[in-house]
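Take the sequence shown: its letters are residues 74 to 475, numbered as in our numbering.
The beta-carbon is built from N, C-alpha and C at its ideal position, and this holds for glycine as well.
Worksheet: the structure to be examined is printed underneath.
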Amino acid sequence: MTPPLHDMLEAAALRGAPPGVLAYNRIDGPGSSIDLREVQQAFWKLPPISDVDPADPAMPWSSGLPRTVAITIDTGTQIDALPFEPGRISVRSVDYDTEVSARPGEVLPTAENWLLKIVELFGLSGVQFVLHNVRPGIESAGLGGSATAATGVCILANELAGRPFGPVQLLSMASRMEQEMGVSLTGTQEQSNVVFGGVTDYVWFPWGVPRPPLDSSAPGEPSAQGVPNAPESSEISYGSSVRRTLVSPDAYAEIESRMAIFHTGLTRASTDTNSVWMAALVTPEGYRAHKRLIELAYRYAEGLRTRDWVEVAGAIRGYREVRTAMCPEYVAGAGGIIDGAERRGCTAFPLGAGGGGGVLVFGGRPDDLRDVRGELAGTYEEIPYKIMTKGHGLINFPIESE
């Protein structure tokens, strides 16, 4: 007979090998915020079937649809499962010095309990989830920290419960819990990044799949979510979000040599700026601005795919300018980094909603980026990173019973 979860966790803790998950952050760039559900719904439309050429990697039919490119990097949140009082569950954050606990079935649906509510959903008991950032002191840094934490908790709870849910269900759960519990406004990009990882292009369709996916996948994973350009099929299936590898691992070094992340030293809630953009969405001028963002996000994806660094820089700069016109607060605190980058022939982009303090600096030529590093050194902290092929990694699984 399998021992209760609490007993297995207690034995694992005594061995110094608690089960856990390392959930990675992401660099977003142009496309950030247009994965929000309101934007997905406002701009999604059915492309004419005659416009879709499955053999064309540029996917021009997707140029007017909401999309995001996520680049997985080796910062993030580690979450460990430790034994806790039998009959209770708990979540503790080391970095934020918070702890909540309750009996399963008695977790109140409040923002403070959002992660605890996820644990409760999986029917677990006698367990505490302990979270700590891999890189202390930067909090989320605009790298999707809250979504990373929520998705990591979903993945770990799913493993402990015997994997009742598939990957897409987990990222959907993380997104909905974060937004609907009042933690922040969020889309599905950061959560997808933790589940899938890599340098990945997402085209967001807000509604369900009308028929089974076209290609085969691992059990529990619904294909590439209905990717229209699946090579083994000439059929086209609409209704689910497209997910495709945009850049292969052998080209990661090219990106790393042209992208750096600096921290302003300031933080601000992402909801403050996301809510301004959402309010603009229902005005004629704001609607046109969001449409422009979608066009720039396509240019950014295509620039990365084809290694057209001039196109990448233009998309980053244009996206930042449109966002700032709608919400000047977006660049608050980042002016010194932006000015320094532009003086050296580079450009910069406050990551996420601009509230986490992290700013992406992009240089089409690696030498230009080295010049920016020299200018900003001593004033702003650089956050070193490496690009990862996976969005998360399990720790100390399977759990030994003795």
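Return the residue from the list the options that minimises the CA-CA distance to residue i.
i, options, result
"I456", "A333, D80 and D444", "A333"
"F335", "R236, R443 and G437", "R443"
"V203", "T224, G225 and V164", "V164"
"S136", "L424, I367 and D440", "I367"
"R331", "E253, R99, A386 and N98", "A386"
"I328", "V272, K364, S343 and A362", "V272"
"C227", "S174, V241, A247 and G215", "A247"
"A374", "Q114, P139, L82 and R110", "P139"
"Q252", "W187, G391, I410 and E158", "W187"
"K190", "R88, R249, E473 and I122", "R249"
"N266", "A86, G466 and E212", "G466"
"L78", "F116, I152 and P159", "P159"
"P121", "R317, R110, W134 and R208", "W134"
"C400", "W382, P423, R417 and D80", "P423"
"V268", "A175, S245, S123 and F278", "S245"
"R161", "A175, D170 and A85", "A175"
"W277", "W117, F470, D153 and I468", "W117"
"T340", "G210, W382, E185 and D124", "G210"
"A115", "A450, W350 and G391", "W350"
"Y392", "G102, D323 and R208", "G102"
"P240", "T171, G89, R446 and R316", "R316"
"Y169", "L181, E185, G178 and P177", "E185"
"E402", "S343, P439 and A450", "S343"
In terms of residue numbering, what span does the beta strand (DSSP E) encompassing residue i cover?
i, result
"L319", "V315 to V320"
"G145", "Note that residue 145 is Thr in the sequence shown, not Gly. Its beta strand (DSSP E) spans residues R140 to P156."
"Y275", "V272 to V276"
"V203", "V200 to N206"
"Y97", "G93 to I100"
"G431", "G431 to F435"
"L467", "H465 to I468"
"V173", "T171 to A175"
"V167", "Looking at the DSSP string, V167 is not in any beta strand (DSSP E), and its letter there is neither H nor E."
"A214", "From DSSP, A214 is part of no beta strand (DSSP E); its letter is neither H nor E."
"F195", "Run containing F195: none; DSSP gives neither H nor E here."
In terms of residue numbering, what span does the alpha helix (DSSP H) encompassing residue i cover?
i, result
"L339", "It is not in any alpha helix (DSSP H) - L339 carries neither H nor E in the DSSP assignment."
"A220", "G218 to L233"
"R361", "P357 to T379"
"N266", "Q262 to F269"
"P439", "P439 to L449"
"G413", "G408 to R416"
"A388", "W382 to M399"
"L244", "P240 to E253"
"A90", "Per DSSP, A90 belongs to no alpha helix (DSSP H) and is neither H nor E."
"A115", "R110 to F116"
"A426", "A426 -> no alpha helix (DSSP H), and no H or E assigned at all."
"E329", "Y325 to E329"
Indicate whether residue i and residue j have their beta-carbon atoms separated by less than 9 Å.
i, j, result
"L319", "R378", "yes"
"N206", "G270", "no"
"N98", "T183", "no"
"V112", "L354", "yes"
"D274", "T141", "yes"
"Q262", "L243", "no"
"G225", "L95", "yes"
"T337", "G431", "yes"
"L229", "P156", "no"
"I472", "V434", "no"
"D153", "P91", "yes"
"V418", "E448", "Correcting the residue identity first, residue 418 is Gly in this sequence and not Val. Contact flag unset, no."
"G464", "W382", "no"
"Q151", "G93", "yes"
"A85", "N469", "yes"
"N372", "A388", "Here the sequence assigns Arg to residue 372, which means Asn is not the residue at that position. A contact, by the Cβ cut-off of 9 Å."
Residue i: beta carbon under 8 Å from a heavy atom of the ligand MG?
i, result
"N98", "The ligand MG is not part of the structure shown, which contains no ligands of any sort."
request  = May I ask you to verify whether the segment 91 to 107 touches the segment 255 to 263, counting CB pairs closer than 8 Å and requiring at least 3?
outcome  = Enough Cβ pairs lie closer than 8 Å, so yes.
query = On the three-pair Cβ rule with 8 Å, is the segment 120 to 130 touching the segment 149 to 166?
reply = no
message = Assess contact between the segment 385 to 405 and the segment 422 to 438, defined as three or more Cβ pairs (one per stretch) separated by less than 8 Å. Is contact present?
response = yes
task = Please determine if the segment 140 to 149 and the segment 455 to 472 are in contact, where contact requires at least 3 C-beta pairs separated by less than 8 Å.
result = The segment 140 to 149, when compared against the segment 455 to 472, does touch it at the 8 Å Cβ threshold.
message = Taking 8 Å as the cut-off, does the segment 184 to 203 touch the segment 231 to 240 (at least 3 CB pairs, one atom from each stretch)?
response = yes
key: At least 3 beta-carbon pairs within less than 8 Å: the segment 401 to 416 vs the segment 356 to 363   = no
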